[in-house]
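S.K.:
Chains as they are written, first to last, in this note's numbering: chain G, 10 to 356; chain B, 10 to 356.
#1: Measuring CA to CA, which of G:258, G:196 and G:165 is closest to residue 358 (chain G)?
#2: Across the stretch 190–202 of chain G and the stretch 236–249 of chain G, are there enough close Cβ pairs to call them in contact, namely three or more that are closer than 8 Å?
#3: Per DSSP, what kind of secondary structure is residue 271 (chain G) in: helix, strand or coil?
#4: Find the residues of chain B that neighbour residue 13 (chain G), judging by a C-beta separation of less than 7 Å, and give them in chain order.
#5: Just the C-alpha distance for residue 105 (chain G) and residue 236 (chain G), rounded to the nearest angstrom, thanks.
#6: Identify, in the order they occur along the chain, each residue of the same chain with its Cβ nearer than 8 Å to the Cβ of residue 17 (chain G), setting aside the five sequence neighbours on each side.
#7: Can you check DSSP and say which residues form a bridge with residue 154 (chain G)?
#8: Are there any heavy atoms of the ligand NAD lying less than 8 Å away from the beta-carbon of residue 95 (chain G), as far as the coordinates show?
#9: Tell me which residues of the stretch 60–89 of chain G have at least one Cβ-Cβ distance to chain B shorter than 8 Å, keeping chain order.
#10: Return the CA-CA distance between residue 313 (chain B) and residue 218 (chain B), expressed in angstroms with no decimal places.
#11: Could you please give the first and the last residue of the uninterrupted alpha helix (DSSP H) stretch that includes residue 169 (chain G)?
#12: State the beta-bridge partners of residue 140 (chain G) as determined by DSSP.
#13: Using a Cβ cut-off of 7 Å, pull out every chain B residue sitting near residue 116 (chain G), in sequence order please.
#14: Is it buried or exposed for residue 154 (chain B), if we count other Cβ within 10 angstroms and need 16 for buried?
#15: Under 9 Å between the Cβ atoms of residue 119 (chain G) and residue 77 (chain G)?
#16: Given that residue 36 (chain G) touches chain B, what residues does it touch there, using C-beta distances under 9 Å?
#17: To the nearest whole angstrom, what separates the beta carbons of residue 257 (chain B) and residue 180 (chain B), a pair I think is in contact under 8 Å?
#18: Does the Cβ-Cβ distance between residue 68 (chain B) and residue 175 (chain B) come in under 9 Å?
#19: From which residue to which residue does the alpha helix (DSSP H) around residue 293 (chain B) run?
#20: Identify whether residue 75 (chain B) lies in helix, strand or coil by the three-state DSSP scheme.
#21: Please identify, using Cβ separations under 8 Å, the residues of the stretch 145–173 of chain B that lie next to chain G, in order along the chain.
#22: What does the alpha-carbon distance come out to for the pair residue 122 (chain G) and residue 54 (chain B)?
#23: Taking 7 Å as the limit between beta carbons, can you name the residues of its chain near residue 52 (chain B), skipping five residues before and five after?
#24: With a threshold of 6 Å on Cβ separation, who are the neighbours of residue 50 (chain B) within its own chain once the five nearest residues in sequence on each side are excluded?
#25: Going by DSSP, name the residue or residues bridged to residue 284 (chain G).
#26: State the DSSP-derived secondary structure class of residue 204 (chain B), mapped to helix, strand or coil.
#27: Out of B:98, B:167, B:163 and B:201, point me to the one whose CA is closest to residue 156 (chain B)'s CA.
#28: Buried or exposed, going by whether 16 or more other CB atoms sit within 10 Å of the CB of residue 270 (chain B)?
#29: If we count the other Cβ atoms within 10 Å of its Cβ and call it buried at 16 or more, is residue 11 (chain B) buried or exposed?
#30: Is residue 90 (chain B) helix, strand or coil when you go by DSSP?
#31: Just verifying my parser: in three-state terms, what is the DSSP assignment at residue 70 (chain B)?
#32: Does residue 49 (chain G) come out as helix, strand or coil in the three-state DSSP assignment?
#33: In chain order, what residues of the same chain have a beta carbon less than 6 Å from the beta carbon of residue 309 (chain B), not counting five sequence neighbours either side?
#34: If you follow the beta strand (DSSP E) that residue 325 (chain G) is in, where does it begin and where does it stop?
#35: Bridge partners of residue 62 (chain B), per DSSP?
#36: Under the assumption that residue 252 (chain G) contacts residue 186 (chain G) (Cβ atoms under 8 Å), give the Cβ distance between them as a whole number of angstroms.
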């Protein structure tokens, strides 16, 4: 398995843009190296953090059918990137494309979803742009501030660091499984999928973490990317089923599928995954207890370029291969799911 | 003619969002009142300026067929909004949706257009997000900084103020006419349409202007909106043909159409229109001469709620009516053009 960043198609696609675009000379990190873009705010020692994401493929795939989900997720996806760099949000701007003739109640529900996600994070929509098009698409751009020296990036993880996550995983997988397999609401309803950007957690962890990334593409993709960027690997000690949040675990149990599938598929749950040098773990855990912030130590950074789950039995995953399977998700989600489960049986 | 903001459909559509979304308590202006959103940057007396726009309808209408134009315009539209508040750009983030299977050369040309527009304004793309969808759409968000007290908004114009624009107008109309009427490249080529965001002009004018707006929707819409916001009107002394830049005038002449059509249609040229109190015009004109910045005094703010062109003959336009015609542009551009010309014959 190649450990190069460019072994992953998504990384190659991003690199292709940067063969044409020039980098801001003061940008505080390289391409791929942070969840949000970081540049100095003129005349201060602050960094501006800014990040933009479009919700469209999730709608086309049928993952988000309710306008309130679309709005909630548009804001959350970008705010989660601010969380992963340790920023405090300053505001959000929205670019919304709706089909001609979209009714008032749909627009209101979408706006209410955005509003609820922003207010849950203590921030506001500042303004935006509306367009008419064939398909619904919402692009949210979140702007935040990080005090000097307090930014987290994806680089800096070293062998021996501890690995933490900010909450139970697998909600993204449950949401996707619900749509692809037409699961009943009693098992998992669309409204059960309401990830909350971990802004407080990000700011709490920033002084302690060596690296951070959000699980917007699931835990396996997040750790694979961190591994490639830092030339390290990961051992996860918690069993995959123990990593799942209760409702996602219930879906895995009801379907009798490998709980790892919920971590290896690319629809994420927007928790933070962070690495912390051994000398700082006690202080971080004390700080998180004091703040009442959930934080689970799930494993460690290792020197080998592996992604290994050690419980209930040792399984070494090929993160690159699992990520490449996901490129086909947009073409046929049921086929992707079958391929993922077959691949996990081999790994 | 109602002078209320909500007599214009686009304003009503924006207001509908704000019945659901709450405003940032420190936002330095109301809805509709600035080209970019302005909020304090924490811990400083600076304002953050941020604005987002999607290029999609212009592609669907056939106005932009070359990927380089799409990229150039995506960056320019947002940077122009920064110019209109007097901001200096800090950077741009991009969200790009391309059809599956878009070839490498198309993506490169689009990126080259974004890069060229950013570098022309001394700024950079910081990062972004790419998606696959049915139609090409590019959302650019521009982030800028405005020092305390130096921001321009759309409010503050008073009767007696002088009216200025930062350059020749009508390029947007020429670009649209080219597409709708299949004009030959020799008359107006797509590459002739390369508006440049007037950032230096915005910063130069900010200390003198009472209000500012860009002509992203054309001069008539810009002045109509400024008039509604400030409960004033405008008299323009320059003849419409004299307001047109040379290539746009050549198109108007070749088609033998009323040059006012190029100012009243909604595809803009991204100049700034600004109002300046009489006591500051001499200082502004001296400053613009010193800086080598083009600035044309074209008329004045008046107390009546009118939009009047005084040369070569007096014509009083119904800005609200002209803007409402433009709502049909997306459905049938040739029909819109005929309706616009017929309406201008009546006004």
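Glycine included, C-beta positions come from ideal geometry on N, C-alpha and C.
Note that the coordinates shown come from a computational prediction; the quantities given were computed from them, not determined experimentally.
M.R.: If we stick to the structure as given:
#1: Limits of chain G in this structure are 10 at one end and 356 at the other, which puts residue 358 (chain G) out of reach.
#2: no
#3: Taking the first chain and counting its residues from 1, the one referred to as residue 271 (chain G) is at position 262. DSSP places residue 271 (chain G) in helix when its eight states are reduced to three.
#4: Sequence index remark: in the first chain, residue 13 (chain G) carries index 4 (1-based). None at all; the shortest Cβ gap to chain B is about 20 Å.
#5: Here residue 105 (chain G) is taken as the residue at index 96 of the first chain, counted from 1. Here residue 236 (chain G) is taken as the residue at index 227 of the first chain, counted from 1. For residue 105 (chain G) and residue 236 (chain G), the distance between alpha carbons rounds to 35 Å.
#6: As a working note, residue 17 (chain G) is residue 8 in the first chain. Same-chain partners within the cutoff: 233, 234, 237, 329, 332 and 333.
#7: As a first step, residue 154 (chain G) must be located in the first chain, where it is residue number 145. DSSP lists G:57 and G:97 as partners of residue 154 (chain G).
#8: The ligand NAD is not part of this structure, which contains no ligands at all.
#9: 60, 61, 62, 63, 65, 66 and 69
#10: Numbered from its first residue, the second chain carries residue 313 (chain B) at position 304. Numbered from its first residue, the second chain carries residue 218 (chain B) at position 209. Going from the Cα of residue 313 (chain B) to the Cα of residue 218 (chain B) covers about 21 Å.
#11: For the purposes of this step, residue 169 (chain G) is identified with residue 160 of the first chain, where counting begins at 1. Note, residue 169 (chain G): premise wrong, no alpha helix (DSSP H); not H, not E.
#12: Here residue 140 (chain G) refers to the residue found at position 131 when the first chain is read from its first residue. DSSP output for residue 140 (chain G) lists G:106 as bridge partner(s).
#13: The residue given as residue 116 (chain G) occupies position 107 in the first chain. Chain B residues near residue 116 (chain G): 25.
#14: As a first step, residue 154 (chain B) is located in the second chain; it is residue number 145 there, counting from the start. Residue 154 (chain B) comes out buried.
#15: The count along the first chain starts at 1 and reaches residue 119 (chain G) at position 110. The count along the first chain starts at 1 and reaches residue 77 (chain G) at position 68. Yes.
#16: Here residue 36 (chain G) corresponds to residue number 27 of the first chain, with the count starting at 1. The answer, in chain order, is 100, 133, 135 and 136.
#17: Here the question's residue 257 (chain B) lines up with position 248 in the second chain. Here the question's residue 180 (chain B) lines up with position 171 in the second chain. Yes, residue 257 (chain B) and residue 180 (chain B) are in contact; Cβ-Cβ is about 5 Å, under 8 Å.
#18: By one-based count along the second chain, residue 68 (chain B) stands at place 59. By one-based count along the second chain, residue 175 (chain B) stands at place 166. Not closer than 9 Å, so no.
#19: Residue 293 (chain B) sits at position 284 when you count from the first residue of the second chain. Counting along the chain, the alpha helix (DSSP H) containing residue 293 (chain B) begins and ends at 290–300.
#20: In the second chain, counting from the first residue as 1, residue 75 (chain B) sits at position 66. Coil, per DSSP.
#21: 146, 148, 150, 152 and 154
#22: The residue labelled residue 122 (chain G) in the question sits at position 113 within the first chain. The residue labelled residue 54 (chain B) in the question sits at position 45 within the second chain. If you take the alpha carbons of residue 122 (chain G) and residue 54 (chain B), they lie about 32 Å apart.
#23: For the purposes of this step, residue 52 (chain B) is taken as the residue at position 43 of the second chain. Contacts found: none.
#24: Within the second chain, numbered from 1, the residue matching residue 50 (chain B) stands at position 41. Counting only Cβ-Cβ distances below 6 Å, and skipping sequence neighbours, we find 57.
#25: Along the first chain, one-based indexing puts residue 284 (chain G) at 275. According to DSSP, which records beta bridges pairwise, residue 284 (chain G) is partnered with G:172 and G:220.
#26: On the second chain, position 195 is the one that residue 204 (chain B) refers to. The answer is coil: DSSP assigns residue 204 (chain B) none of H, G, I, E or B.
#27: Position 147 of the second chain, counted from the first residue, corresponds to residue 156 (chain B). Of the listed residues, the one whose Cα sits closest to residue 156 (chain B) is B:98.
#28: Sequence index remark: in the second chain, residue 270 (chain B) carries index 261 (1-based). Burial call: buried.
#29: To locate residue 11 (chain B), count along the second chain from 1; it is residue 2. Summary for residue 11 (chain B): the model assigns pLDDT 46, below 50, so the residue's position carries little reliability, and this model does not support an answer.
#30: Within the second chain, residue 90 (chain B) is the residue found at index 81, counting from 1. Helix at residue 90 (chain B).
#31: In the second chain, the residue the question calls residue 70 (chain B) occupies position 61. Here residue 70 (chain B) sits in coil by DSSP.
#32: Mapped onto the first chain, residue 49 (chain G) falls at position 40. Strand.
#33: Taking the first residue of the second chain as 1, we reach residue 309 (chain B) at position 300. For residue 309 (chain B), where only same-chain residues beyond five positions count, the Cβ hits under 6 Å are 171, 172 and 244.
#34: As a working mapping, residue 325 (chain G) is identified with position 316 in the first chain. Unbroken beta strand (DSSP E) run through residue 325 (chain G): 324–326.
#35: Residue 62 (chain B) sits at position 53 when you count from the first residue of the second chain. For residue 62 (chain B), which the question treats as bridged, DSSP gives the partners B:149.
#36: Start at 1 with the first residue of the first chain, and residue 252 (chain G) comes out as number 243. Start at 1 with the first residue of the first chain, and residue 186 (chain G) comes out as number 177. Not a contact, Cβ separation roughly 16 Å.
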